[in-house]
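Residues in the sequence shown are numbered consecutively from 180, following the working numbering. Beta carbons are placed, not taken as given, at the ideal position from N, Cα and C, and that holds for glycine. Computed from a predicted structure; not experimentally measured.
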Amino acid sequence: MTWKAEKTGLTKEFNFNNFVEAVAFVDKIVPLAEAMNHHPDVLIYAYKKVKITLFTHSEKKITKKDYILAKRIDQIEKDIKKNIERVEEIIKEAHEVISPIEINKRLPEKMNANILQGILRHLQESGKIEFAPKGVLWIWVERKELDALIKKGREM
């Protein structure tokens, strides 16, 4: 979805996998908005959707400042989605049980534990990973792949 110019301002709705990701997105916007001294209206609804409205109240219209902030907010969304992909890649590349702490160590930037847990819950709900009793996880593999690993004497 793209930004829409409306009477109330420049608006866009963002969809995330869960509440944690939606809140993490908003949390990343805060320091940016503070630095620009330009604060968006933010609505989190349906637990994983975020609506952002940008409007320059002092000018009583949409200004260049709104478009600049919109572009930066789009980059924040891309970065959050890349983090999800990075976590998935780390798990895939491990080829064995890996703890959330180890995942965080392998990320280019340390991730907030709640955000990482939200990503892991999403991956579990989508059937891509499973949690082991000790809180570690592994990639869920097809039965034929699992049989091949067992045959090789590898324990999961």
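| request: Would you be able to state if there are at least three C-beta pairs under 8 Å between the stretch 294-303 and the stretch 258-267? | output: yes
| query | Opposite G306 in the DSSP bridges: which residues? | reply | Here residue 306 corresponds to residue number 127 of the sequence shown, with the count starting at 1. None; G306 has no bridge partner.
| For the ligand NAP, any of its heavy atoms closer than 7 Å to the Cβ of K230? | Because no ligand of any kind appears in the structure shown, any question about the ligand NAP cannot be addressed here.
| field | Coarse secondary structure for A184, derived from DSSP in three states | value | Reading the sequence shown from its first residue, position 5 is the one you call residue 184. In this structure, A184 counts as strand in the three-state DSSP scheme.
| Host alpha helix (DSSP H) of Y226 (start-end) | Here residue 226 refers to the residue found at position 47 of the sequence shown. Run containing Y226: none; DSSP gives neither H nor E here.
| field | Bridge-paired residues (DSSP) for L233 | value | Counting from one through the sequence shown, the residue named residue 233 turns up at place 54. Bridge partners of L233: L189.
| query | Which of the three DSSP states, helix, strand or coil, is assigned to E334? | reply | Counting from one through the sequence shown, the residue named residue 334 turns up at place 155. Confidence at E334 is low in this model, with a pLDDT of 48, below 50, so the placement of that residue should be treated as unreliable; the coordinate-derived value is given next. It is coil, neither helix nor strand.
| query | Can the beta-carbon of A155 be found closer than 8 Å to that of I259? | reply | This structure gives no information on residue 155, because the portion of the chain shown stretches from 180 to 335.
| request: Under the assumption that Y241 contacts G188 (Cβ atoms under 8 Å), give the Cβ distance between them as a whole number of angstroms. | output: Start at 1 with the first residue of the sequence shown, and residue 241 comes out as number 62. Start at 1 with the first residue of the sequence shown, and residue 188 comes out as number 9. For the record, residue 241 in the displayed sequence is Ile; it is not Tyr. The pair is a contact, with the Cβ atoms about 6 Å apart (cut-off 8 Å).
| task | Answer yes or no: does any C-beta atom of chain C fall closer than 8 Å to that of R300? | result | Going by chain labels, chain C is absent from the structure shown, which holds only one protein chain.
| Would a C-beta distance cut-off of 8 Å place N197 and K228 closer than the cut-off? | Walking along the sequence shown from the start, residue 197 turns up at place 18. Walking along the sequence shown from the start, residue 228 turns up at place 49. Contact: no.
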